[in-house]
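Novice: Take a look at this one; I'll ask things after.
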Amino acid sequence: MVRGMVKGVDRTELADFLRHCRARVTPADVGLSHGARRRTPGLRREEVAQLASMSTDHYTRLEQARGSHPSRQMLAAVARALRLTGDERDHLFHLAGEEPPRDRSATEHVRPGLLLILDRLIDTPAQVVNDRGDVLAQNSMDKALHGDMSARPEAESNLIWRYFTDPSARELFPPGDRDLAARTAVADLRATSARRPDDARLAELVRRLRARSEEFSALWNAHDVAVRRADVKRFRHPVVGLLELDCEVMLSPEHDQRLVVYTARPGSESRERLELLRVVGLQDLIRG
Numbered sequence: 024m025v026r027g028m029v030k031g032v033d034r035t036e037l038a039d040f041l042r043h044c045r046a047r048v049t050p051a052d053v054g055l056s057h058g059a060r061r062r063t064p065g066l067r068r069e070e071v072a073q074l075a076s077m078s079t080d081h082y083t084r085l086e087q088a089r090g091s092h093p094s095r096q097m098l099a100a101v102a103r104a105l106r107l108t109g110d111e112r113d114h115l116f117h118l119a120g121e122e123p124p125r126d127r128s129a130t131e132h133v134r135p136g137l138l139l140i141l142d143r144l145i146d147t148p149a150q151v152v153n154d155r156g157d158v159l160a161q162n163s164m165d166k167a168l169h170g171d172m173s174a175r176p177e178a179e180s181n182l183i184w185r186y187f188t189d190p191s192a193r194e195l196f197p198p199g200d201r202d203l204a205a206r207t208a209v210a211d212l213r214a215t216s217a218r219r220p221d222d223a224r225l226a227e228l229v230r231r232l233r234a235r236s237e238e239f240s241a242l243w244n245a246h247d248v249a250v251r252r253a254d255v256k257r258f259r260h261p262v263v264g265l266l267e268l269d270c271e272v273m274l275s276p277e278h279d280q281r282l283v284v285y286t287a288r289p290g291s292e293s294r295e296r297l298e299l300l301r302v303v304g305l306q307d308l309i310r311g
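Note that the working numbering gives residue 223 to position 200 of the sequence shown, counting from 1, and the numbers run on in steps of one.
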C-alpha cells in the first residue's frame, strides 16, 4: 500500500490540499467577521467545519491525515466552504478516491466578460463556442472568415456538423489539412462526451453525425481523445487567399465555453491579407 493511501484516499495529499485552500480564504470571503487577531492567514479549522456543517474534530482529522473516508456529501460541503473552483472541487474528490460530480453542462448564454472581450477584438477574427461546437457569438472579422453562423438554422450553427455535412465548410481548409481538422474535431467531441454522458443534445448531435457521415462514424469508432488547444491553422478564403493564423483557445472557468482568437504574425503576408479581410468584412457590414 502506498504511504498515506487508505481505501483509495490519499490522506497525505488530501490533508495538504485542504490546509493550502483554507489558508487562502479570508473570513470576509465567506461572510464572517475578522474577529480577534489571527496568528495564521485564512480561516480557522472550526470556521471551515461550521461552514461545512460538520464537527471540528472530524475536519481536523482530515487536515492531519488521520481522517476516515469522507462521504461525497461531506466533500461537496467542504468544497463550498473553501470556495473551490470546479477544477479544485474535482481534485478534492479524486484525492478522496471519489468520482467528481457530473453536473457541468454546456450553456448557450455567453458570459458578459466574453462578449466584452469579443467586442474589443476589431482587427482579428474571434468567436465564442461551447464545447459541443455550437457557435454562440462572432465578431465581424470572424463572420468575414467563416461566414455568419447566426444566419443559419440553429441545428446548422455547429462547427462539427457543418464540417462533416457541408462541403463548402471544407473548402475553407487546404486539402492537405482537412484530415487533421476532421480528426481533431472528433477527438475533442469525444472528450466532451465523456465529461457529460447525460447531455441529451450532445448525444443527439453524435447520433445525427454518425447517421449522416461515414467518415465521422469511423473517426468516432477510433476513440481518439484530445481537447482543443492552441494551434496554427490555414484557411483558403475565396477573396483574400491563403491565411496562416495562430489559433488561441481561451477556456471559461467551467471549460464549457471557449473564446477562439485567430491572429497573424506581424509583418507576414497573412497579416496583410487579414487586414484586407477586415476591409472586406466592413464593406459587407455596410451593404447589410
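Built from N, CA and C at the ideal position, the CB exists for glycine as well.
Helix, strand or coil for residue 302 per DSSP?
Specialist: In the displayed model, residue 302 falls within a helix according to three-state DSSP.
Novice: Three-state secondary structure (DSSP) at residue 311?
Specialist: Because the pLDDT of residue 311 is 49, which lies under 50, any placement of that residue in the model is unreliable, and the question is left without a value.
Novice: DSSP beta-bridge partners for residue 271?
Specialist: 284
Novice: Counting only the same chain and skipping the five closest in sequence on each side, list residues whose C-beta sits under 8 Å from that of residue 65.
Specialist: 45, 46, 47, 48 and 49
Novice: Just to confirm, does residue 83 get its C-beta within under 6 Å of one of the non-hydrogen atoms of the ligand MG?
Specialist: Among the components of this structure there are no ligands whatsoever, and the ligand MG is therefore not found.
Novice: Could you pull the start and end residues of the alpha helix (DSSP H) that residue 39 belongs to?
Specialist: 34–47
Novice: Any chance the segment 200–214 sits against the segment 171–179, with 3 or more Cβ pairs inside 8 Å?
Specialist: no
Novice: Can you round the beta-carbon distance between residue 212 and residue 183 to whole angstroms, since I take them to be within the 8 Å contact cut?
Specialist: The pair is a contact, with the Cβ atoms about 6 Å apart (cut-off 8 Å).
Novice: Let me know the beta strand (DSSP E) ranges lying completely inside the segment 147–212, each 3 residues or longer, listed in chain order.
Specialist: You should have 149–153 and 158–161.
Novice: Classify residue 90 as helix, strand or coil using the three-state DSSP reduction.
Specialist: coil
Novice: Between residue 162 and the rest of its own chain, which residues show a CB-CB distance below 6 Å, the 5 nearest in sequence each way excluded?
Specialist: 141, 144 and 149
Novice: Once you ignore the five residues that flank residue 272 on each side, which residues in its own chain have a CB closer than 7 Å to its CB?
Specialist: These residues qualify, in order along the chain: 251, 252, 253, 281 and 283.
Novice: Just confirm the distance between the C-beta atoms of residue 257 and residue 196, as a whole number of angstroms; I'd bet it's less than 8 Å.
Specialist: 7 Å
Novice: Which two residues bound the contiguous beta strand (DSSP E) that contains residue 259?
Specialist: Going by DSSP, residue 259 is part of the beta strand (DSSP E) stretching over 254–260.
Novice: Taking the straight line between their C-alpha atoms, what separation do you get for residue 192 and residue 185?
Specialist: 6 Å
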